[in-house]
Amino acid sequence: MDPRIEDHAEVLVDWSARVDAGDDVVLRVGPDAHELAVAVAETVGERGANLVSVYDSNELQRAWALAHGDDFDEDPEYELALYENADVVLSIGGGRNTSEGSDIPAETRRAQSKARQGIREARMDTDWVSTVHPTRSLAQQANMSFAEYREFAYDAILRDWESLADQMANMKEILDAGSEVRLVKEDTDLTMSIENRTAVNSAASVEYDSHNLPSGEVFTAPHATEGEVFFDVPMTIRGERVQDVHLTFEDGEAVDYSAAQNESVVGEVLDTDEGSRRLGELGIGMNRGIDQFTDSILFDEKMGDTVHLAVGRAYESNYPEGHEDEANDSAVHVDMITDVSEDSFLEVDGEVVQRDGTFRWEDGFEA
Numbered sequence: 001m002d003p004r005i006e007d008h009a010e011v012l013v014d015w016s017a018r019v020d021a022g023d024d025v026v027l028r029v030g031p032d033a034h035e036l037a038v039a040v041a042e043t044v045g046e047r048g049a050n051l052v053s054v055y056d057s058n059e060l061q062r063a064w065a066l067a068h069g070d071d072f073d074e075d076p077e078y079e080l081a082l083y084e085n086a087d088v089v090l091s092i093g094g095g096r097n098t099s100e101g102s103d104i105p106a107e108t109r110r111a112q113s114k115a116r117q118g119i120r121e122a123r124m125d126t127d128w129v130s131t132v133h134p135t136r137s138l139a140q141q142a143n144m145s146f147a148e149y150r151e152f153a154y155d156a157i158l159r160d161w162e163s164l165a166d167q168m169a170n171m172k173e174i175l176d177a178g179s180e181v182r183l184v185k186e187d188t189d190l191t192m193s194i195e196n197r198t199a200v201n202s203a204a205s206v207e208y209d210s211h212n213l214p215s216g217e218v219f220t221a222p223h224a225t226e227g228e229v230f231f232d233v234p235m236t237i238r239g240e241r242v243q244d245v246h247l248t249f250e251d252g253e254a255v256d257y258s259a260a261q262n263e264s265v266v267g268e269v270l271d272t273d274e275g276s277r278r279l280g281e282l283g284i285g286m287n288r289g290i291d292q293f294t295d296s297i298l299f300d301e302k303m304g305d306t307v308h309l310a311v312g313r314a315y316e317s318n319y320p321e322g323h324e325d326e327a328n329d330s331a332v333h334v335d336m337i338t339d340v341s342e343d344s345f346l347e348v349d350g351e352v353v354q355r356d357g358t359f360r361w362e363d364g365f366e367a
């Protein structure tokens, strides 16, 4: 076994999920993530925690969804109970086909998503963390050789997370003290209120309210969104390649949209429910270990020189204590990314905090 797989498992269990003796752990394993799953199982056992593993295959889910139809039982008790009684949920992606499920009809996908909302909430009430095992399908999606992709992935995952957390604290402090964010670049001039919100320093650990490995972003939950935004980073949404998305916001809601490729997928997302046309997240990528786009949201949204926005569900961690029920509610949370490496700036309360990808505390920043 590549020793980096064992290192990955230890970072996931110890730094990210903070697994303790006696914890009840659910391990969701993708089809080609076997090696990392074995290393994680061993590490969980060494920590004295309990383990239940679940095979998490998009191909399997596709077969069931297509055969089942649109009338799904709401939050089946046997599955709900698994997550309601878990302390930690670890999800290891590593599928064989990154476009699996792209042919599931939109109405089936919406019905299934709505019917599983309680299960999703129960899973997110645990100390959950998602990661990926480098696979050939992910390398192909990123247009890299398998060897090159593994180097890329481990450079992003096996980091000095404590040091990065200290750097990102600068942005969290700015957002926590701020009231309004403005993002400006080509075809983009968007303002968002961040009043009465708490930013998350997403340093790949549940101790930071962070649930992705790799991570490396600071995010908050905007509202009262006005203006337009252009997402020029291609991405795969629901198994379909989506490119050059443009959204227009009025009174906090997306009132118009377009895309150069698979525009219907964007419309499908926005039409999911009452909350899916509002923003649930503003995220600022700060992981300099991610230096190229890979068509994987787990990596791309954390990349330095990017900003991402998600329509749909907001995270309760972005709301002050006692105000968690104010979070935007939706069955979806779909991220879209814009490149801010040139001809762009990000303002907080009228002060530029990032220009052309460089933050004001970094060398080369020009106000």
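Going by the working numbering, the letters in the sequence shown line up with residues 1 to 367, in that order. Every residue, glycine too, gets a C-beta built ideally from N, C-alpha and C.
Distance between residue j and residue i (C-alpha atoms, nearest Å)
i      : j      : result
Gly357 : Asp300 : 14 Å
Pro214 : Ser91  : 13 Å
Leu282 : Ala310 : 7 Å
Arg120 : Asp363 : 42 Å
Glu324 : Ser145 : 44 Å
Val38  : Ala49  : 15 Å
Val353 : Glu342 : 14 Å
Asn328 : Arg278 : 8 Å
Asp24  : Val266 : 38 Å
Glu268 : Val332 : 11 Å
Val264 : Gln243 : First, the residue type needs correcting, since residue 264 is Ser and not Val in the sequence shown. The alpha-carbon atoms of Ser264 and Gln243 are separated by roughly 12 Å.
Gly350 : Phe230 : 21 Å
Tyr154 : Ser99  : 23 Å
Limits of the beta strand (DSSP E) - the one that residue i falls within
i      : result
Asp335 : 333-339
Arg355 : 351-355
Thr108 : From DSSP, Thr108 is part of no beta strand (DSSP E) but of the alpha helix (DSSP H) over 106-115.
His223 : 223-231
Glu217 : 217-220
CB of residue i within 9 Å of CB of residue j, strictly
i      : j      : result
Val200 : Phe219 : yes
Thr272 : Gly312 : yes
Ala156 : Ile290 : yes
Val233 : Thr135 : no
Asn212 : Arg241 : no
Ala9   : Leu51  : no
Arg18  : Ser317 : no
Gly95  : Asp32  : yes
Phe365 : Asn170 : no
Asp335 : Ile297 : yes
Tyr319 : Arg159 : no
Enclosing alpha helix (DSSP H) for residue i [first to last residue]
i      : result
Met168 : 161-177
His133 : Element bounds for His133: n/a, residue is neither H nor E.
Ala37  : 34-46
Ala63  : 58-68
Glu77  : 77-84
Arg182 : No alpha helix (DSSP H) holds Arg182; the beta strand (DSSP E) holding it covers 180-185.
Asp24  : Per DSSP, Asp24 belongs to no alpha helix (DSSP H); it is in the beta strand (DSSP E), 24-29.
Phe152 : 146-157
> Can you find at least 3 beta carbon pairs, one from the segment 7-19 and one from the segment 29-49, that sit closer than 8 Å?
Replying inline: yes
> Is the segment 220-240 touching the segment 179-194, taking contact as three or more C-beta pairs under 8 Å?
Replying inline: yes
>> Going residue by residue through the segment 250-308, where are the continuous alpha helix (DSSP H) segments of at least 4 residues, counting only ones entirely within it?
In response: 263-270, 297-300
> Do the segment 81-97 and the segment 27-36 meet, that is, are 3 or more Cβ pairs less than 8 Å apart?
Replying inline: yes
> Would you say the segment 59-71 touches the segment 153-169, given that touching needs at least three Cβ pairs under 8 Å?
Replying inline: no
> Do three or more CB pairs link the segment 67-77 to the segment 110-117 at distances below 8 Å?
Replying inline: yes
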